[in-house]
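Participant:
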Amino acid sequence: MNPTFLRSRRQTKLTEAAAAIRAATRIVLACHLRPDADALGSLLGLGAGLRRLGKAVTLVSPDGVPEMYRFLPGWEQIVPGAVGDWELGIGLDADGSDRLGSAESLILAQPRVINLDHHTGPDPYGDIQVVDSSIAATGELVYLLLQELEIAPDAEIAACLMAAVLTDTGCFRFSNTTAETFRIAAALREAGATPGAVYDAVYGRRSFGATLLLGRLLTQVSRTEDGRVVWSWVGRADFEACGATGEATEGFVDQLRIVEGAEVAVFFREATHGDVRVSLRSRGRVNVAQVAAEFGGGGHVPAAGCTVEEALPSAMNRVIDAVRRALPDAAALAQP
Ligand code: 5GP
Ligand code: MN
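Count along the sequence shown from 1, add 2, and you get the number used in my numbering.
Next up, the structure:
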């Protein structure tokens, strides 16, 4: 779709969302399962903005706040679930209401529902859908919505939204980084946020256990004959031997993506209950969101994920097969 049309549609939706917010006094916000910095930063940044407007807000993250994101100002206010009555529900960074996990019914039960998101998913929900997959981070949409509400970000809001934008753009490296991203980041910097502080907190340190686990990831790496698909895995036994938790694998897939010749990188992690979490990254020619969708997941063209409820070896086989099929000339290669 043409960018001017997308921008004007987004503006219409932002105006509708702002009107719904002005009309409500009690608002509940929720982000997606296994939250990242975009989910939590958007939740906290919008929550702080709405409080400045005098709203009573409840902030829900169904999977809580992982240790590594506890540098975000106000994270202690986030609850894993809530009971009460509100006039408006807002879902953040979730493509499909099911991504809200245990908060799905809570958000959908509200008299009005706003969906603020930037994924390509096929299942938008809510009365007002502020969904724009051309935007780099949900945090950018939150910034634009606050502008619409005439709230200039203070230091706290800026820190939260900087975390959202910096991480979802891969530190302003990914192709989703636009001139508008930088304009928003500039405004956040002016309001007091520093990109370095986010980088240090999220990427700039690694526990000893996670370091050992990274060693296992690197020794267990494989690739296709042509080197275009690179993958690796860590199993329960690796976590136990290294004394590491699931959070330790943040950034692991990037260690695979940078292997020379890789067009697609896939990281498999065996979860506590036996199913397998899959992270996919592409250099852009393969739409990994489509591959993830084959397994009930989703994401963006260059970055996606899914959960496969199978033992690790068969999950790996099936996903790598699907990636091979998605390679641009896979169809041509299959010809006799
Ligand atoms: P990650 O690999 O960092 O966990 O996720 C990369 C991207 O894929 C993120 O934008 C995330 O929202 C999306 N994603 C990851 N896992 C899932 C999933 O299970 N379902 C859906 N719909 N999206 C996912
Ligand atoms: Mn996001």
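For each residue, glycine too, the CB sits at the ideal point set by N, CA and C.
It should be emphasised that the depicted structure is a prediction, and the values quoted were computed from it without experimental measurement.
#1: Measuring alpha carbon to alpha carbon, tell me which of 60, 116 and 40 ends up nearest residue 19.
#2: Out of 111, 137, 136 and 141, which one is the CA nearest neighbour of residue 127?
#3: Rounded to a whole number of angstroms, what is the C-alpha to C-alpha distance between residue 310 and residue 295?
#4: Whose C-beta lies closer than 7 angstroms to the C-beta of residue 219 among residues of the same chain, with five residues either side of it excluded?
#5: For the alpha helix (DSSP H) containing residue 14, list its first residue and its last residue.
#6: Could you check the C-alpha separation between residue 306 and residue 281 for me, to the nearest Å?
#7: Going by CA-CA distance only, name the one from 303, 260, 316 and 161 that's closest to residue 278.
#8: Just reading off the beta strand (DSSP E) that residue 181 is part of, what are its end residues?
#9: Give every residue of the same chain whose Cβ lies closer than 6 angstroms to the Cβ of residue 30, excluding the five residues on either side of it in the sequence, and list them in chain order.
#10: For a minimum of 4 consecutive residues, which ranges assigned as the alpha helix (DSSP H) are wholly contained in the stretch 79–167?
#11: Could you pull out every unbroken alpha helix (DSSP H) segment of at least 4 residues lying fully inside the stretch 203–256, listed in chain order?
#12: Checking 9 angstroms against the spacing of the C-beta atoms, do residue 141 and residue 173 come in under that value?
#13: How big is the Cα-Cα spacing for residue 199 and residue 15?
#14: Does the Cβ of residue 308 lie closer than 8 angstroms to at least one heavy atom of the ligand 5GP?
#15: Whole angstroms are fine: how far does the CA of residue 328 sit from the CA of residue 338?
#16: Can the beta-carbon of residue 32 be found less than 9 angstroms from the beta-carbon of residue 105?
#17: Could you check if residue 347 belongs to the surroundings of the ligand MN, using beta carbon to heavy atom distance under 8 angstroms?
#18: Counting beta carbon pairs with one atom in the stretch 262–274 and one in the stretch 235–250, are three or more of them shorter than 8 angstroms?
#19: Got a sec, what are the start and stop residues for the beta strand (DSSP E) residue 306 sits in?
#20: At which residues does the alpha helix (DSSP H) containing residue 29 begin and terminate?
#21: Which residue or residues does DSSP assign as beta-bridge partners of residue 200?
#22: Ignore the nearest five residues each way along the sequence and tell me which others in residue 151's own chain have a CB closer than 6 angstroms to its CB.
#23: Can you find a heavy atom of the ligand MN that lies under 8 angstroms from the Cβ of residue 166?
#24: Count the other CB atoms, across all protein chains shown, that sit within 10 Å of the CB of residue 297; report buried if there are 16 or more and exposed otherwise.
#25: Jot down the residue ranges of each uninterrupted alpha helix (DSSP H) in the stretch 261–316, minimum 4 residues, whole runs only, in chain order.
#26: Excluding the 5 residues preceding and the 5 following residue 47 in the sequence, name in chain order all residues of the same chain whose CB lies nearer than 6 angstroms to its CB.
#27: Starting from residue 329, trace the alpha helix (DSSP H) in both directions and tell me its first and last residue.
#28: In whole angstroms, what is the alpha-carbon distance linking residue 322 and residue 226?
#29: For residue 74, which three-state DSSP category applies?
Facilitator: A quick look at the data gives this:
#1: For residue 19, the closest of 60, 116 and 40 by C-alpha to C-alpha distance is 116.
#2: Checking every option, the nearest Cα to that of residue 127 belongs to 111.
#3: Just so you know, the alpha carbons of residue 310 and residue 295 end up roughly 11 angstroms apart.
#4: Counting only Cβ-Cβ distances below 7 angstroms, and skipping sequence neighbours, we find 234, 236, 254 and 257.
#5: Its alpha helix (DSSP H) spans residues 5–25.
#6: Distance between the alpha carbons of residue 306 and residue 281: 6 angstroms.
#7: The shortest Cα separation from residue 278 among 303, 260, 316 and 161 belongs to 316.
#8: Element bounds for residue 181: not the beta strand (DSSP E) but the alpha helix (DSSP H), 181–192.
#9: A distance below 6 angstroms between beta-carbons, with the five flanking residues on each side excluded, links residue 30 to the following residues of its chain, in chain order: 60, 88 and 91.
#10: Counting only runs of 4 or more, we get 106–110 and 140–150.
#11: Listed in chain order, the complete alpha helix (DSSP H) runs (minimum 4 residues) inside the stretch 203–256 are 210–221 and 238–244.
#12: No, Cβ-Cβ distance for residue 141 and residue 173 is not below 9 angstroms.
#13: Residue 15 has its alpha-carbon roughly 32 angstroms from the corresponding atom of residue 199.
#14: Under cutoff, so the answer is yes.
#15: In this prediction, residue 338 has a pLDDT of 47, which is less than 50 and means its spatial position is unreliable; nothing more can be read from the coordinates.
#16: Closer than 9 angstroms, so yes.
#17: Nothing can be reported for residue 347, as the shown portion of the chain is limited to 3 through 338.
#18: The stretch 235–250, when compared against the stretch 262–274, does touch it at the 8 angstroms Cβ threshold.
#19: From DSSP, the beta strand (DSSP E) with residue 306 extends over 305–310.
#20: Where residue 29 is concerned, there is no enclosing alpha helix (DSSP H), although the beta strand (DSSP E) it sits in stretches over 28–33.
#21: Per DSSP, residue 200 has no beta bridge partner at all.
#22: So the qualifying residues of the chain are 20.
#23: Yes, the Cβ of residue 166 comes within 8 angstroms of a heavy atom of the ligand MN.
#24: When all chains shown are included, residue 297 counts as buried.
#25: 290–295, all fully within the stretch 261–316.
#26: Here the set comprises 144, 159, 162 and 163.
#27: Taken as a continuous stretch (DSSP letters only), residue 329 belongs to no alpha helix (DSSP H), as it is neither H nor E.
#28: Per the coordinates, the alpha-carbon of residue 322 lies some 9 angstroms from the alpha-carbon of residue 226.
#29: Residue 74: coil per DSSP, three-state reduction.
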